[in-house]
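Quick notes on the structure that follows.
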Amino acid sequence: MLAIQTIADGLVLGGLYALSAVGFSLIFGVMGVVNLSHGALVMIGAYLAWFVWHSLGVDPLLAIPVVMGVLAVFGYVYQRVLIQLAVDRSSHVASMLVTFGVALMLRNTLVLVFSPDLRSITPSYSGHPLVLGSIVLDPVRLAALAASLVLLGALAMILQRSKMGRVIRATAQQELAARLCGVNAHHIYGLTFAVSAAFAGAAGAILGIVLPFSPPDEGLWTLNAFVVVVLGGVGSPAGALVGGLVLGVMSTGTSQLIGAAFPNAMMFAVLVLMLLVRPSGLLGNAFAGSR
Amino acid sequence: MSIVLLIVAAAVPFMVMPFYVRVGQLILLSAALGLAWTLLGGFAGYWSFGHAAFIGLGAFSAGLFETELMKGQPLLGFGLGLIVGGVVCALAAAVVAWPILRLRGIYFAVAMLGVSQVLAELTNNVDVFKGSMGLVLPRIAAFGLRPEALFYDVLLIATVVVGCIAFAIKNGRIGAGLMAIREDEDTARMLGVPTERYKIMMFILSAALTGALGVIYAHSLGYITTSSVYRTEFSLNMIVYNLLGGMGTLVGPFLGSAVMVILTQVVLGRLLSIHMFITGALLVLLVLAAPKGIIGLFKGGLFGGRAKG
Amino acid sequence: MSTPILRLEHVTKRFRGLVATNDVSFAVPEGSICSLIGPNGAGKSTIFNLVTGYLAPSEGHIFFGKTRIDGTPTTQLARAGIARCFQIAKPFADLSVRENVRIGALFGRDGARDIAAVTDDALALTGLSDLAGRPAGDMTVGYLRRLELARAIAARPVLLLADEPCAGLNATETEDIVTILRLVRDRGVSVLLVEHDMQAVMRVSDQIFVLDAGALIAAGPPEAIAGDPRVIAAYLGTEAVE
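Chains as they are written, first to last, in this note's numbering: chain A, 13 to 303; chain B, 9 to 317; chain C, 22 to 263.
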């Protein structure tokens, strides 16, 4: 029974990991940019949701559209102003450094605005556990999982069905060909970044009701996203979902079975192992260049 | 000539105000760390984003060694602690080297970030390491020097030692091999460069030197916790000093750390709360505006304009 | 007869289902220039990769002199005296021409004694002395090929593998490469060449091995190969022979 409880908890966390990583994965897949400020975007989402909840009493899940909107704008501008410049001028490692620099700036800003203290959000429906036999389900966690899955599904639909999604995918595969077909690649990259940042923000808002958070967590969420992508493969919501759920279950399993201090150690070991053994991810999407 | 210069440099702490001695300390420490990082990062092109791992590991292994096993002998403890810190880091590097050095580019960089996160967490959460409580290091005093003067001179010696090692490597056969690895690893192997061996050697050496510097840093603080030594900013700064000064050069880390430290400590000394912001902003600016660093600005011309792929 | 410098014995390499080379045997006599020819996909590159240790054969053995080398790592083979130049030149673009060649000299066979002299010699032999200070990334294709050769020669190899050194070059540039290959051979270095430029192959080779679809279909001196109906068939299709 403990095993089932662990898996249930892991799935909740996994949904969150998947959602927080899907934007990272998208940018990596479409532009080949490793965005080390992705975790900071997640944290901004968490703080925005916290702010709306704290000052206006609005439920974080209801605040998600607002959070996504704000971050989408931020993401678009961020890409057009900084990232594109970095990609044009320097190597990929260097453009990664730019995002690292931005992560530090954002973290510092969050500390200045919201203080370095731990924050958490308690929605009105918390504290009424659903008991199914011997498994205890917290409605907050259920809501978090449901919201994560709905958003992931929505993104998958957008990418598959909408015109914007098709253009994004086409640009990812053949930038030059897409350009020749009249696609403004820079605008598409900006949009991709906007989508990525919006989903990072949504993940942040959901994160806020499940876990306590503070600005320095951004590093961990970036690393999580990286591991999810390595596990699930790059560029697709399905890959992020698989990677996220595997990571979530693994993470709760490790803290249950080995000790609370070890999920990240385990995660890192799996990261390196995956890169070495199966650089294409569990689903086998192309993941070139790792060695 | 250079000996005279060294003696003058060593005498600095007796001539200026303590604040400037601390600034000098920080410049020396930063330069030495930048040099230790560049052995692998600048010479071979393997940019580690997690070298703070070795500062922390060196600091805590030496700290535990000195407080548990060398009670009452601070000076001897410090000397042996330097070796312990270096050796522990070398061993740790040797353990992770084989898998981690098969990764290239961003994958290596992020894997190193992971190493440092994991080590920091273990130090913080496993009680015997005393990472969350903190560790008080034995006070060392010698030759009747004030602490800041003592650490200044210790760091001066350390910087000279690391500088000599880096110089010997860069100008030796191995330096040429590392340069070939940085430019194109597959071609290097084709030409007979023992790429795996060189990379592992540099990784271990770089880790050991960083670890020993971590020991000195820990002593200059006197009291360490996980968050005071496993600092992401350290990892980042080691890259920034090199980028700012000139990646892959020997002068780069000196130039870069001097400019950075003076800028952040002296010019912006009162704005501690936005240090991280400034470091980040500077990093962004550097990558975009001067990817070849200060040296690159001077050299310009011949190798100037080429963008690297 | 003395031991050939390179000998392949019944070498087969399969990639999953695909047979890239099928039971290939041939020998490169010491001090000769031998050429591997054949249509695209015949298995020439696979053989180069096998000899330089990038791949290990599925079956069969490869001998370098008297030593069996199949499965030996690339680095070790380079130190033993097998050098290779690529069709698509891979210079260290940010380094100068001299530094490129110097790295070849530093890590070549039996650790050179006088690196500077070896470097200068290789630069002179390939006619690059005047360009030694230029960054390698700025050179044209013809000079890049020479640089590839110079870097390989600086390693003082026993056996030089040259992968289409004349591809895409004009007549004068091709002539220069042929001259360099002959000079290298005259110093006692054995050369194994893959080349599509048949004129160059016919003029420079002592022996020619013809591959088709992974199998060796003919071997012999240029005169014999030129008239061999199997070779003509492989290149032009069977109808041409009938």
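All C-beta atoms, glycine included, are put in the ideal place defined by N, C-alpha and C. All values reported here derive from a predicted model rather than from experimental measurement.
Delimiting residues of the alpha helix (DSSP H) encompassing A/Asn236: Glu230 to Gly244
So with Cβ pairs under 7 Å, would you call A/Leu109 a contact of chain B? yes
Within the 7 Å Cβ cut-off, does C/Arg119 reach chain B? no
Indicate whether at least one CB of chain B lies closer than 7 Å to the CB of C/Lys111. yes
Buried or exposed: C/Cys55, going by 16 or more other Cβ atoms within 10 Å of its Cβ? buried
B/Tyr225 to B/Leu252, Cα distance in whole Å? 22 Å
Starting from A/His211, follow the alpha helix (DSSP H) in both directions and report where the run begins and ends. The sequence given here places Phe at residue 211 of chain A; His does not occur at that position. Its alpha helix (DSSP H) spans residues Ala197 to Val222.
Pull up the distance between the alpha-carbon of B/Ala176 and that of B/Thr46, whole angstroms please. 13 Å
Is the beta carbon of B/Ala39 closer than 7 Å to that of B/Pro202? no
Counting only beta-carbon separations shorter than 7 Å, does A/Gly113 have a partner in chain B? yes
Can you give me the C-alpha to C-alpha distance between A/Glu230 and B/Asp192, rounded to a whole angstrom? 34 Å
Of all Cβ atoms in chain B, is any one closer than 7 Å to the Cβ of A/Ala273? yes
Please classify A/Gln91 as buried or exposed, where buried requires at least 16 neighbouring CB atoms within 10 angstroms. buried
Compare the C-beta of C/Phe128 with all C-beta atoms of chain B and state if any pair is closer than 7 Å. yes
How about B/Asp161: is its C-beta nearer than 7 Å to some C-beta of chain C? no
In the DSSP assignment, find the unbroken alpha helix (DSSP H) run with C/Thr42 in it and report its ends. Per DSSP, C/Thr42 belongs to no alpha helix (DSSP H); it is in the beta strand (DSSP E), Leu39 to Val49.
Taking one C-beta from the segment 102 to 110 of chain C and one from the segment 173 to 187 of chain C each time, how about it: are there three or more such pairs within less than 8 Å? yes
Mind listing, in chain order, the continuous alpha helix (DSSP H) runs of no fewer than 4 residues lying wholly within the segment 138 to 206 of chain C? 162 to 175
Among B/Gly256, B/Ile208 and B/Val104, nearest to A/Leu288 - alpha-carbon criterion: B/Val104
Roughly how many angstroms lie between the CA atoms of A/Arg131 and A/Ala58, to the nearest whole one? 9 Å
Considering only the alpha carbon of each residue, which of C/Pro243, C/Leu168, C/Phe230 and C/Glu244 lies closest to C/Pro60? C/Phe230
Between C/Gly148, C/Ala192, C/Asp233 and C/Thr200, which has its C-alpha nearest C/Thr67's C-alpha? C/Asp233
Contacting positions in the segment 198 to 216 of chain B - beta carbon closer than 9 Å to chain C: Met198, Leu199, Gly200, Val201, Pro202, Thr203, Glu204 and Arg205
What does B/Asn133 reach in chain A if we use C-beta pairs closer than 9 Å? Gly271, Ala272, Ala273 and Phe274
Could you check if A/Thr234 is buried or exposed, using at least 16 other CB atoms within 10 Å of its CB as the buried criterion? buried
Can you tell me which of C/Arg100, C/His82, C/Ala239 and C/Ala99 puts its alpha carbon nearest to the alpha carbon of C/Gly92? C/His82
Chain-ordered residues of the segment 114 to 127 of chain A with a beta carbon less than 9 Å from chain B: Val114, Ala115, Leu116, Met117, Leu118, Arg119, Asn120, Thr121, Val123 and Leu124
Local conformation of B/Val231 per DSSP, three classes: For clarity, residue 231 of chain B is Tyr in the given sequence; the question names Val instead. Three-state result, B/Tyr231: strand.
If you drop the 5 nearest sequence neighbours on each side, which residues of the same chain put their C-beta closer than 7 Å to that of A/Ile19? Val261
Measure how close the beta-carbons of A/Val54 and B/Gly288 come, nearest whole angstrom, since I'm counting them as under 8 Å. That belief does not hold up - the Cβ atoms of A/Val54 and B/Gly288 are roughly 17 Å apart, past 8 Å.
Cβ-Cβ separation, A/Val222 to A/Ala156 (assumed contact under 8 Å), whole Å: 5 Å
Determine the chain C residues that contact B/Met187 at a beta-carbon separation under 8 Å, and present them in chain order. Phe113, Leu116, Glu120 and Ile124
Grouping DSSP H, G and I as helix and E and B as strand, with all else coil, what is B/Val248? helix
Of all the beta strand (DSSP E) runs that stay within the bounds of the segment 97 to 181 of chain B, which reach a length of 3 or more residues? none
What is the DSSP secondary structure of B/Leu199, reduced to helix, strand or coil? coil
Integer-rounded CB distance, given that B/Asn250 should sit under 8 Å from B/Gly42: 5 Å
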